[in-house]
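In this note's numbering, the protein residues as written are 426 to 1024.
Beta carbons are placed, not taken as given, at the ideal position from N, Cα and C, and that holds for glycine.
Take a look at the structure below.
Structural data, given as structure tokens:
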């Protein structure tokens, strides 16, 4: 704005000023830059719930207004005309109404975040409030636990404008829009800003021939390549360029160091954030830069948008080794199956669920039908089907289903069993039960087709028969790890013949550990090696995102690293979360690239 400000000092004693005789192309450019800067300042930014919000509010005789800021960038604007009754409120009530209104309208975004509210009415920052209306509103405001501070009216420009700018009715807006022809709107728009996605920091195409030619002339090191083997001068569109000469392809223009970062960024953005391989192939077709592939890979790997929005691909970080369960009946896994539907001719559809229990060391299975999804039913079946028949386990694995809350947790606590819940976002720990459910489904479908139930009693009988058949099939089938069936392993005899079996648990445990280690090794072959360290920055993968939703959020700082494949991250200033490495990936920054570009 410097050139425009300088005009104010001209002819200031000559009455009405005439700027036309001083106006040049420099002032045209300054005026356009000022308009672009003002337009950019009012563009809304995406809110980040991990950062504090600043809310500026104000009220006039007829309207209220508010601006929500984050990092001094607008996140939302709000303005509303007061009703007849509200326009007669005292000034403190109008100012408080502006605060209550913006908190209510943007409740889903603001509740739980750190808020700083700025008002130009000092009375709202005090605690000695006597108005009943203000006391009621103060209770609503305190739900958000904000910090309310006073600012002068001169510093509260944004909210003051929104509280005073006259609002048009919808009819007036339609009438005004009808007077503006479409051609005028198109003429005033820059089609280049509409049609393509350009990086904001790069104003023009960085690899214009004129730009490359001038930059090559200023690069002394590049000029020394002219007489070296493999390099030479070639003419393109009337200008001479230093080129890389290879016998198997056309001459390629050598990009100077001063342009390489902008060139990579420009092609990456315009190409729709293409990957490093395609970006390198695109640039290397007509241009050359020593170490171009490494520079491209480095930039793409640190692109913030790519890290947040592209699918994660291979996992990052090796999974830790896992120890097989040592002793039989030391740990059980519990899960529910269903609800499944059975159609009874002339009666309708009945639904049922079942609770499955399995010893993770011997793979011995139990299952029982449950009448409903309550935790009391789950606790009853667990006690009757397992605790009443087998030794008490030390730990119990279960998922996040509602049937494993309340009464079920009290049952575990009463029997001195440690609860080991798995998470919805990382459910690998309870895979044994999930495989058993597949077998149960196969048997149940077969029985229902062979013997369609005629009554509800028949249906429940089929369900109980299916559960018993599954239990017997799994107990009597030889397991490839053990070399014997789970039933023979537990009862020390064959499940069909009265033949005693002497089974060495040490051999079975060793073989099982070998298989676990082999599976872990194969899983790590599909992952990229990375050693997470404290103070690293990581992104957390979103659970089941929609098609157009970003794939990761963050970055978050790693607070500590654990040996069991988990890390503790700092979600908020006072909030830590322990998370599995399957759900995170490293976040890389390109600070060094920006620093190199600035120098």
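Write down every uninterrupted run of the beta strand (DSSP E) in the segment 766-802 whose length is 3 residues or greater and which is fully enclosed by it, in chain order. Counting whole runs of 3 or more residues, the segment 766-802 contains the beta strand (DSSP E) stretches 773-784, 790-795.
Applying the criterion that 16 or more other CB atoms from any shown protein chain within 10 Å of the CB defines a buried residue, is residue 924 buried or exposed? exposed
Starting from residue 655, follow the alpha helix (DSSP H) in both directions and report where the run begins and ends. From DSSP, residue 655 is part of no alpha helix (DSSP H); its letter is neither H nor E.
Figure out for me which residue from 583, 533, 510 has the closest Cα to the Cα of residue 545. It is 583.
Under the three-state reduction of DSSP, which class applies to residue 1014: helix, strand or coil? coil
Can you tell me whether residue 991 is buried or exposed? The criterion is at least 16 other CB atoms within 10 Å of its CB, across all chains shown. buried
Residue 942 to residue 525, Cα distance in whole Å? 59 Å
Proximity below 8 Å, CB of residue 483 to CB of residue 581: yes
Among residues of its own chain, excluding the 5 on either side of residue 563, which ones have a beta-carbon nearer than 7 Å to its beta-carbon? Answer for residue 563: 554, listed in chain order.
Just the C-alpha distance for residue 630 and residue 691, rounded to the nearest angstrom, thanks. 7 Å
First and last residue of the alpha helix (DSSP H) that includes residue 718? 717-726
Give the straight-line distance between the Cα atoms of residue 614 and residue 646, rounded to the nearest whole angstrom. Caution is warranted here: a pLDDT of 41 is assigned to residue 614, below 50, making its placement in the model unreliable, and no coordinate value can be reported.
Here's a check: name, in chain order, each residue in its chain whose Cβ is nearer than 8 Å to the Cβ of residue 735, leaving out the five neighbours to either side. 698, 976
Applying the 10 Å Cβ sphere with the 16-neighbour rule, what's the burial state of residue 660? Under this definition residue 660 is an exposed residue.
Integer Cβ distance of residue 373 from residue 542, believed to fall under 8 Å: The structure shown does not extend to residue 373, since the chain spans only 426 to 1024, so no value can be given for it.
By how many angstroms is the C-alpha of residue 795 removed from the C-alpha of residue 802? 6 Å
With the cut-off set at 8 Å, would you say residue 966 and residue 732 are in Cβ contact? no
Closest to residue 415 by C-alpha separation, out of 716, 642, 683, 689, would be which residue? This structure gives no information on residue 415, because the portion of the chain shown stretches from 426 to 1024.
I'd like to know whether the C-beta atoms of residue 884 and residue 762 end up nearer to each other than 8 Å. no
Nearest to residue 840 by CA position, among 700, 827, 817, is which residue? 817
What is the residue span of the beta strand (DSSP E) that residue 957 lies within? Here residue 957 belongs to no beta strand (DSSP E), and DSSP marks it neither H nor E.
Exposure of residue 863, with buried meaning 16 or more beta-carbon neighbours within 10 Å: exposed
What does DSSP give as the partner residue(s) for residue 483 in the beta ladder? Note: residue 483 sits in a beta bridge opposite 490.
Test item: CB-CB of residue 878 and residue 789 under 8 Å: no
Let's see if you can read the secondary structure: which residues bound the alpha helix (DSSP H) around residue 916? 911-916
Helix, strand or coil for residue 633 per DSSP? Under the three-state reduction of DSSP output, residue 633 falls in the coil class, being neither helix nor strand.
Assign residue 585 to buried or exposed, taking buried as 16 or more other Cβ atoms, counted over all protein chains shown, within 10 Å of its Cβ. buried
In angstroms, rounded to a whole number, what distance separates the CA positions of residue 838 and residue 693? Distance between the alpha carbons of residue 838 and residue 693 is about 57 Å.
Identified DSSP bridge partners for residue 846: In the DSSP output, where bridge partners are listed per residue, residue 846 has 823.
Could you tell me the boundaries of the beta strand (DSSP E) in which residue 533 lies? That residue, residue 533, is in no beta strand (DSSP E); its alpha helix (DSSP H) goes 532-535.
Report the three-state DSSP secondary structure of residue 566 (helix, strand or coil). Helix.
With DSSP run on the structure shown, which of helix, strand or coil describes residue 395? For residue 395 there is no data in the structure shown, the boundaries of the chain being 426 and 1024.
One question on the structure: do residue 506 and residue 470 come within less than 8 Å of each other, judged by their Cβ atoms? no
Buried or exposed: which applies to residue 669, given that a residue is buried once 16 or more other Cβ atoms fall within 10 Å of its Cβ? buried
Return the chain-ordered list of same chain residues with a C-beta closer than 7 Å to the C-beta of residue 1012, the five sequence neighbours on each side being excluded. Contacts found: 732, 962, 963, 964, 979, 980.
Using only alpha-carbon positions, find the residue among 452, 487, 504 that is nearest to residue 513. 487
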